[in-house]
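Trainee: Going down the list, the protein sequences come from chains A and B.
With the numbering used here applied, the first sequence covers 14 to 262.
With the numbering used here applied, the second sequence covers 3 to 262.
Beta carbons: idealized from backbone N, C-alpha and C, even for Gly.
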Amino acid sequence: MNKENRKIVLELKDLHKSFGNNHVLKGFSLKLYEGENLVIMGKSGSGKSVMVKCIVGLIQPDSGSITIKDQDIITMGQKELDFLRTEIGFLFQGSALYDSMTVRENLEFPLRRHKDKVKNFEGTDESVKQALESVGLLHAIDQMPAELSGGMMRRVALARALILKPEIIMYDEPTAGLDPITSNEIIQLMRSVQNEYNTSSLIITHDVDCARVISNRIILLVDGINYAEGTYEELSNSSDPQTRAFFKN
Amino acid sequence: MSKSISFLKRSKSFFAEIGDMAYFAGRFFKEVFKKPFEFKELIRQCYNVGIRSLFLVAVTGFIIGLVFTLQSRPTLTEFGAVSWMPSMISVSIIREIGPVIIALICAGRIGSGIGAELGSMKVTEQIDAMEVSGTNPFKYLVVTRILAVTLMLPLLVIIGDAVALLGSAMVENLKGGVSYTLYFNQAFDTLSFTDVIPATAKTVLFGFAIGLVGTYKGYNCSKGTVGVGEASNSAVVYSSMLVFVIDFIAVFVSDIFFEI
């Protein structure tokens with residue numbers, strides 16, 4: 014389907030964010046279309062994580078607008094923002110599992126307040142099992158996060174992000190710190206999750222393989238602005254040496 | 003010149019931190035009455051703070067009573083006032099020594115525990131994850147912990163005081179042949195409400211201060227493992243200091259109202 018005909022689920026316009034004299038975002042903009050996998054690439058410290066935290070309301074941008082499903086999140090009240098957050102899954106770079114809770118309790122946590130917002134809710138226990146099954150970790154349901162490997166933790170974190178059946182999922186460096194085999198498993202899992210849950214995804218990554226396999230479109234974030242935009246093939250064969258440099262393994 | 007500039011800078015950051023902590027306390031009072039109430043987490047925290055500190059408090063209380071009586075005995079015997087021992091011990095333990103020492107022990111165990119736990123949750127983005135999942139982390143983590151310490155500390159102090167008196171009674175029984183009944187009769191005869199009520203009231207404030215400082219330090223922990231260590235350490239230092247400041251103010255105010 015032509016992208017002009019598709020619904021925009023997330024839009025950033027002219028986003029600015031500074032920390033003291035460090036201007037991280039200098040007018041960054043993007044549009045995420047329904048069902049799309051949009052990859053954001055950029056050097057370390059280029060503001061990718063800051064941008065994604067602005068989207069979920071963890072960091073307040075200095076100026077610009079963030080619209081999720083036609084609702085401006087910057088001017089939104091806390092209650093409305095909490096409600097909207099149930100439609101966004103977020104996979105943190107370090108998994109961010111609650112280490113005092115079991116895998117089951119980690120997955121039950123978002124359901125405590127928001128189970129009424131889950132479409133076709135089949136009960137807490139069933140939802141937890143279903144989410145864990147979709148990441149292939151049902152056997153780890155009663156384990157503590159400390160007993161899991163890095164890859165398993167990332168899978169549990171993905172299951173927790175999926176538990177409220179969000180329409181948008183944001184991945185912050187989903188394969189960072191994982192070996193190539195586990196990285197590949199996570200990438201395949203992200204693809205199967207998108208097929209199963211029909212989500213739109215915003216993926217922050219350095220991993221060229223991840224970008225190649227999963228992206229429909231890539232935006233390069235350099236010096237706080239959209240430096241380049243296109244498909245993997247377009248950007249990796251770009252005439253601009255700086256753009257091409259991102260795709261060298 | 004540079005020394006005075008550095009002193010001014012440190013003073014400025016100290017007062018800025020006091021301001022931040024006051025704002026944090028204000029937010030606690032704003033959130034504590036707002037729905038949804040996290041009862042399950044509050045009960046879990048009460049168990050962590052109360053039941054898990056019980057053994058430490060009981061041992062400390064017992065040793066205080068025992069040692070205090072042993073140390074005071076020779077002097078009182080010298081002045082022929084050994085029969086005043088139960089009265090003296092009960093008043094000093096209930097009014098001052100019990101609440102302050104048990105609050106300091108709890109500042110060490112509970113304050114540092116809360117600071118380290120919330121600090122590590124902060125640096126591993128668990129607090130952010132909670133917020134993103136649509137749960138108010140301040141309410142779930144901060145309000146429940148402050149409330150738990152505020153509710154549990156007075157109970158711990160009462161238990162600690164009782165065990166301290168028991169320790170003292172044991173010494174008197176073994177050394178002076180004073181029966182337990184006589185000891186406790188004398189100990190409680192001397193006590194009045196003006197001893198018990200202000201002493202218990204100030205432990206509520208001690209508990210609030212320990213919970214507030216621990217959660218503030220952990221919740222605002224800077225990035226990295228060094229930040230977690232600093233949060234835990236400064237939670238103990240600040241809350242211990244606050245215990246003494248509150249004690250001073252409480253005794254001063256009690257003196258005005260109850261003429262102690």
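Hey, could you find the ends of the alpha helix (DSSP H) Ala189(B) is sitting in?
Mentor: Here residue 189(B) refers to the residue found at position 187 when the second sequence is read from its first residue. First-last of the alpha helix (DSSP H) with Ala189(B): Tyr182 to Thr192.
Trainee: Measuring straight from C-alpha to C-alpha, what distance separates Ala203(B) and Ser113(A)?
Mentor: The residue you call residue 203(B) lines up with position 201 of the second sequence. The residue you call residue 113(A) lines up with position 100 of the first sequence. Approximately 33 angstroms, taken between the alpha carbons.
Trainee: So Ser92(B) and Phe190(B) are in contact, right, with Cβ under 8 angstroms, and what is the actual spacing, rounded?
Mentor: In the second sequence, residue 92(B) corresponds to position 90, counting from 1. In the second sequence, residue 190(B) corresponds to position 188, counting from 1. Right, the Cβ-Cβ distance comes to about 7 angstroms (below 8 angstroms), so this counts as a contact.
Trainee: Do Ile212(B) and Ala109(B) have their CB atoms nearer than 7 angstroms?
Mentor: Working through the second sequence from its first residue, we reach residue 212(B) at position 210. Working through the second sequence from its first residue, we reach residue 109(B) at position 107. Going by C-beta atoms, Ile212(B) is nearer than 7 angstroms to Ala109(B).
Trainee: Select from the stretch 96-118 of chain B all residues with a C-beta closer than 8 angstroms to any C-beta belonging to chain A, and list them in chain order.
Mentor: Hits within the stretch: zero.
Trainee: State the DSSP-derived secondary structure class of Arg19(A), mapped to helix, strand or coil.
Mentor: In the first sequence, the residue the question calls residue 19(A) occupies position 6. Coil, per DSSP.
Trainee: Given a limit of 7 angstroms on CB to CB distance, which residues of the stretch 127-153 of chain B reach chain A?
Mentor: Taking 7 angstroms as the Cβ-Cβ cut-off against chain A, the residues of the stretch 127-153 of chain B that qualify are Glu127, Gln128, Asp130, Ala131, Glu133, Val134, Ser135, Gly136 and Thr137.
Trainee: At 3 residues or longer, and completely inside the stretch 57-118 of chain A: list those beta strand (DSSP E) runs for me, N to C.
Mentor: As far as the stretch 57-118 of chain A is concerned, its whole beta strand (DSSP E) runs of at least 3 residues are 76-81 and 101-104.
Trainee: Which term fits Leu45(A), buried or exposed, when burial requires 16 or more other beta carbons within 10 angstroms of its beta carbon?
Mentor: Position 32 of the first sequence, counting from 1, holds the residue named residue 45(A). Buried, since its Cβ has 16 or more Cβ neighbours within 10 Å.
Trainee: Starting from the C-beta of Ala233(B), find all residues in its chain whose C-beta is less than 7 angstroms away, skip the five residues before and the five after it, and write them out in chain order.
Mentor: The sequence position of residue 233(B) within the second sequence is 231, counting from 1. Counting only Cβ-Cβ distances below 7 angstroms, and skipping sequence neighbours, we find Gly117, Ala118, Gly121, Lys219, Gly220 and Cys223.
Trainee: Is Met64(A) near Phe259(A), with beta carbons less than 7 angstroms apart?
Mentor: If you number the first sequence from 1, residue 64(A) lands on position 51. If you number the first sequence from 1, residue 259(A) lands on position 246. No, the Cβ-Cβ distance between Met64(A) and Phe259(A) is not below 7 angstroms.
Trainee: Only counting runs of 3 or more residues, tell me where the beta strand (DSSP E) segments fall wholly within the stretch 152-213 of chain A, in order along the chain.
Mentor: Listed in chain order, they are 181-185.
Trainee: Can you check DSSP and say which residues form a bridge with Asn50(A)?
Mentor: Translated into positions along the first sequence, residue 50(A) becomes position 37. Answer is Ser214(A), bridged to Asn50(A).
Trainee: With Leu56(B) and Ile161(B) assumed to form a contact (beta carbons below 8 angstroms), what rounded beta-carbon distance in angstroms separates them?
Mentor: By one-based count along the second sequence, residue 56(B) stands at place 54. By one-based count along the second sequence, residue 161(B) stands at place 159. Going by Cβ atoms, the distance from Leu56(B) to Ile161(B) rounds to 7 angstroms, so yes, they are a contact pair.
Trainee: Along chain B, which residues have their Cβ under 7 angstroms away from the Cβ of Ala144(A)?
Mentor: Numbered from 1 along the first sequence, position 131 holds the residue referred to as residue 144(A). In chain order: nothing, as chain B lies at least about 13 angstroms away.
Trainee: To the nearest angstrom, how far is it from the Cα of Glu49(A) to the Cα of Thr212(A)?
Mentor: For the purposes of this step, residue 49(A) is identified with residue 36 of the first sequence, where counting begins at 1. For the purposes of this step, residue 212(A) is identified with residue 199 of the first sequence, where counting begins at 1. Near 8 angstroms, if we compare the C-alpha coordinates of Thr212(A) and Glu49(A).
Trainee: In the structure shown, what three-state DSSP assignment does Gly21(B) receive?
Mentor: Stepping through the second sequence from its first residue, residue 21(B) is reached at position 19. Residue state, collapsed to three classes: helix.
Trainee: Is Thr146(B) near Leu44(B), with beta carbons less than 7 angstroms apart?
Mentor: Within the second sequence, numbered from 1, the residue matching residue 146(B) stands at position 144. Within the second sequence, numbered from 1, the residue matching residue 44(B) stands at position 42. It is a contact, given that the beta carbons lie within the stated cut-off.
Trainee: Three-state secondary structure (DSSP) at Lys44(A)?
Mentor: What you label residue 44(A) is simply residue 31 of the first sequence in a count that begins at 1. Residue state, collapsed to three classes: strand.
Trainee: How long is the line joining the alpha carbons of Val173(B) and Leu68(B), rounded to whole angstroms?
Mentor: Along the second sequence, read from residue 1 onward, the residue named residue 173(B) stands at position 171. Along the second sequence, read from residue 1 onward, the residue named residue 68(B) stands at position 66. Between Val173(B) and Leu68(B), the C-alpha separation is close to 6 angstroms.
Trainee: Alpha carbon to alpha carbon, how far is Gly237(A) from Lys30(A)? Give it in angstroms, no decimals.
Mentor: For the purposes of this step, residue 30(A) is taken as the residue at position 17 of the first sequence. For the purposes of this step, residue 237(A) is taken as the residue at position 224 of the first sequence. Between Lys30(A) and Gly237(A), the C-alpha separation is close to 9 angstroms.
Trainee: Determine, using beta carbons only, whether Val22(A) and Lys82(A) come nearer to each other than 7 angstroms.
Mentor: Within the first sequence, the letter at position 9 stands for residue 22(A). Within the first sequence, the letter at position 69 stands for residue 82(A). The answer is yes: Cβ separation under 7 angstroms.
Trainee: If we count Cβ pairs, one from each stretch, closer than 8 angstroms, do we get three or more for the stretch 159-173 of chain A versus the stretch 100-120 of chain A?
Mentor: Touching, yes.
Trainee: From Thr188(A) to Asp22(B), what does the alpha carbon distance come to, in whole angstroms?
Mentor: By 1-based counting over the first sequence, the position of residue 188(A) is 175. By 1-based counting over the second sequence, the position of residue 22(B) is 20. Using only the alpha carbons, I get a separation of about 38 angstroms.
Trainee: In the DSSP assignment, the beta strand (DSSP E) including Arg1(A) goes from what residue to what residue?
Mentor: Since the first residue of chain A shown is 14 and the last is 262, residue 1(A) is not available in this structure.
Trainee: Do Asp27(A) and Gly60(A) count as a contact pair if the criterion is CB distance below 7 angstroms?
Mentor: In the first sequence, counting from the first residue as 1, residue 60(A) sits at position 47. In the first sequence, counting from the first residue as 1, residue 27(A) sits at position 14. No, they are not a contact pair.
Trainee: Using a cut-off of 8 angstroms between C-beta atoms, extract the partners of Pro38(B) located in chain A.
Mentor: Taking the first residue of the second sequence as 1, we reach residue 38(B) at position 36. Those within 8 angstroms of Pro38(B) in chain A are Arg126.
Trainee: Would you report the Cα separation of Met14(A) and Leu51(A), rounded to the nearest angstrom?
Mentor: By one-based count along the first sequence, residue 14(A) stands at place 1. By one-based count along the first sequence, residue 51(A) stands at place 38. Only weak support is given to the placement of Met14(A): the predicted model assigns it a pLDDT of 47, under 50, and the question is left unresolved by the model.
Trainee: Would you say Asp185(A) lies against chain B (beta-carbon separation less than 7 angstroms)?
Mentor: Your numbering for residue 185(A) matches position 172 in the first sequence. Answer no: the Cβ-Cβ gap between Asp185(A) and chain B never drops below 7 angstroms.
Trainee: In angstroms, rounded to a whole number, what distance separates the CA positions of Asp130(B) and Leu43(A)?
Mentor: Locating residue 130(B) in the second sequence gives position 128, counting from the first residue. Locating residue 43(A) in the first sequence gives position 30, counting from the first residue. Cα-Cα distance, rounded: 23 angstroms.
Trainee: Under 7 angstroms, Cβ to Cβ, is there at least one residue of chain B near Arg168(A)?
Mentor: Taking the first sequence and counting its residues from 1, one reaches residue 168(A) at position 155. No - not a single Cβ of chain B is within 7 angstroms of the one on Arg168(A).
Trainee: With a threshold of 7 angstroms between beta-carbons, can Phe103(A) be considered close to chain B, or not?
Mentor: As a first step, residue 103(A) is located in the first sequence; it is residue number 90 there, counting from the start. So, interface residue.
Trainee: Hey, is Arg117(A)'s beta-carbon within less than 7 angstroms of any beta-carbon in chain B?
Mentor: As a working mapping, residue 117(A) is identified with position 104 in the first sequence. Chain B contact via Cβ: absent.
Trainee: Counting contacts by CB-CB distance shorter than 7 angstroms, is Val63(A) in contact with chain B?
Mentor: Along the first sequence, read from residue 1 onward, the residue named residue 63(A) stands at position 50. Judged by the 7 angstroms Cβ criterion, Val63(A) is not in contact with chain B.
Trainee: Determine which residues of the stretch 56-86 of chain A have a Cβ less than 9 angstroms from any Cβ of chain B, and write them out in chain order.
Mentor: Answer in chain order: Lys66, Val69, Gly70 and Leu71.
Trainee: Report the option in Ser8(B), Ser6(B), Lys36(B) and Arg46(B) whose CA atom is closest to the CA atom of Leu153(B).
Mentor: As a working note, residue 153(B) is residue 151 in the second sequence. Nearest of Ser8(B), Ser6(B), Lys36(B) and Arg46(B) to Leu153(B), Cα basis: Arg46(B).
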